[in-house]
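Notes follow the structure.
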Amino acid sequence: MPLASGPSAGFCARCGGALVSRPPTACPSCGYQLYVNARPTASLVVLDDLGRFLALRRAIEPMAGLWETPGGFCDGFEHPRDAALREGREELGVEVQIRDFIGMYVGAYEFQDELLPVLDCFFFATVDPAAIRLDPAESTELTWFDLADPPKMAFSTMDEALVDAARLRESLPSGK
Ligand SMILES: [Zn+2]
1 MPLASGPSAG
11 FCARCGGALV
21 SRPPTACPSC
31 GYQLYVNARP
41 TASLVVLDDL
51 GRFLALRRAI
61 EPMAGLWETP
71 GGFCDGFEHP
81 RDAALREGRE
91 ELGVEVQIRD
101 FIGMYVGAYE
111 FQDELLPVLD
121 CFFFATVDPA
131 AIRLDPAEST
141 ELTWFDLADP
151 PKMAFSTMDE
161 ALVDAARLRE
171 SLPSGK
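In case it helps, full-length UniProt numbering puts the sequence shown at residues 1 to 176.
Structure representation (structure tokens):
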């Protein structure tokens, strides 16, 4: 299968012609310029009153069976904050309250046999824990971990964001 949309794309997305070098490059057949940029995602560090964060066990590949924070890709022109709200609704079955921005992290996501660059945007959030209804297609279970002592997460950007989240939480007047 030809690689189509990642940093290793070998064919032009417009005319299908073979590329002679990897993006960023121009198609030698039609001149179309191909750039590959990190795709934005939105993720939630949902905190409870005890300073713990919500982790979901992934039901789907890649990284099925590992712990993750809720989140997903932004659709089209969707703002990451809106994507964070939507993903919270979809994955937790409840309206979450988005709080402070934590940060952005560049990572890698394996999709359709390509390793794609992603720009993961993390937000603090709060939720009524009793109202959470997991989508079994996305997650097999949930738990709450101490923000100061997180496990190894499914993606390295989550590990990085949780370190920053723990530090930020100490410095925020609201504690969230
Ligand atoms: Zn072309």
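Even for Gly, the Cβ is constructed at its ideal location relative to N, Cα and C. As the structure is a computational prediction, the values presented were derived from the model and not from experiment.
| message | What residue range does the beta strand (DSSP E) around L116 cover? | response | 114-126
| request: Report the rounded CA-to-CA distance for F101 versus V45, giving the unit in angstroms. | output: Approximately 10 angstroms, taken between the alpha carbons.
| message | Distance check for A9 and L56, CA to CA, integer angstroms please. | response | 32 angstroms
| message | Any heavy atom of ligand 1 closer than 7 angstroms to the beta-carbon of G17? | response | yes
| Quick check: the segment 14-31 against the segment 107-122, are there 3 or more CB pairs under 8 angstroms? | no
| When burial is assigned at 16 or more other CB atoms within 10 Å of the CB, is C74 buried or exposed? | buried
| In chain order, what residues of the same chain lie with their CB nearer than 8 angstroms to the CB of A26, ignoring the 5 residues before and after it? | Y32, Q33, L34
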